[in-house]
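Encoded as structure tokens, the structure appears first; notes follow it.
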Amino acid sequence: MEVMLASGKSTYDLSRFIDGFWAKIFDWWDVGWKSVDGFVDFFALCNKVNMVESKKTLWMISIAAACWTIWIARNGLVFDGRKVNMINLVFQSKMRALLWVKSNQKDFMLQEKFWWIAPQRCHEVHLKSNSVASFWRPPPCRWLKFNVCGIAKEDKAGCGGILRDLEGVARGVFYGDVGSNTAKVAEIGAVKIALEMFAFMN
């Protein structure tokens with residue numbers, strides 16, 4: 033679903049849009065969202081989330097990145113009349129958070145396999161550790177690389193994927209629900225969507 037706001041929209045419409053944005057960010061982290069009054073209550077809500085210390089750090093970085101993203105979008109809307117797209121806004125928040133995590137947490141590497149759809153499941157490996165984990169590797173020269181993932185949880189399933197070039201720059205992304213309740217079918221669905229997306233780009 034694509035939501036557009038023109039600069040002439042009311043404060044109420046903008047407030048509802050922002051509320052929906054935060055609901056998506058919290059859902060991304062599998063955290064329950066509720067509307068609050070003011071930034072102090074919002075920060076208290078974010079800070080009260082119960083997570084292990086390493087995940088809590090990633091969570092708070094994600095919140096900070098999302099705040100910065102929505103602030104930039106809000107200024108563009110108010111001062112320049114730019115349109116705001118919910119899907120792009122959520123993606124920019126996730127990408128910004130990932131870049132901030134990478135630049136801020138230099139003592140460990142983050143396994144990106146689940147970052148885009150289930151960051152709570154991300155595995156962190158300290159650089160001094162001998163643990164073995166799989167990390168993103170760049171494709172050969174003149175190739176592109178899709179990383180996809182499908183996840184099922186109880187009666188819900190979803191998939192997502194990201195297309196990156198040799199430098200690791202994101203060229204395309206997708207995510208959403210799938211009509212299945214098994215991870216295997218969700219992963220197959222992710223591969224199918226990735227191939228369709230690549231065919232469309234060419």
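The numbering of the sequence shown is our numbering, which starts it at 33 and goes up by one. Using N, Cα and C, we set each Cβ at its ideal position, and we do this for glycine too.
Looking at 151, 213, 189, the one whose alpha-carbon comes closest to that of residue 93 is 151. With respect to residue 219, residue 192 sits apart: the two C-beta atoms are not nearer than 8 Å. Under the three-state reduction of DSSP, residue 136 is assigned to helix.
With 16 or more other Cβ atoms inside 10 Å of its own Cβ, residue 221 counts as buried. The closest CA to that of residue 217, considering only 231, 180, 195, is found on 180.
Residue burial annotation: residue 76 is exposed, with fewer than 16 other C-beta atoms found within 10 angstroms of its C-beta. Your pair residue 190 and residue 225 does not check out as a contact, with CB atoms roughly 11 Å apart and the cut at 8 Å.
The alpha-carbon of residue 187 is positioned some 44 Å away from that of residue 111. For residue 87, the secondary structure class from DSSP, reduced to helix, strand or coil, is helix.
Rounded to the nearest whole angstrom, the C-alpha separation of residue 210 and residue 227 is 16 Å.
Between residue 91 and residue 61, the gap from beta carbon to beta carbon is short of 8 Å.
Between residue 58 and the set 97, 113, 184, 46, the nearest pair of CA atoms involves 97. Around the beta carbon of residue 206, a 10 Å sphere encloses 16 or more other beta carbons of the protein chains shown; the residue is thus reported as buried. For residue 223, the enclosing alpha helix (DSSP H) has its first and last residue at 215 to 233.
In the three-state reduction of the DSSP assignment, residue 107 falls in the helix class, which pools H, G and I.
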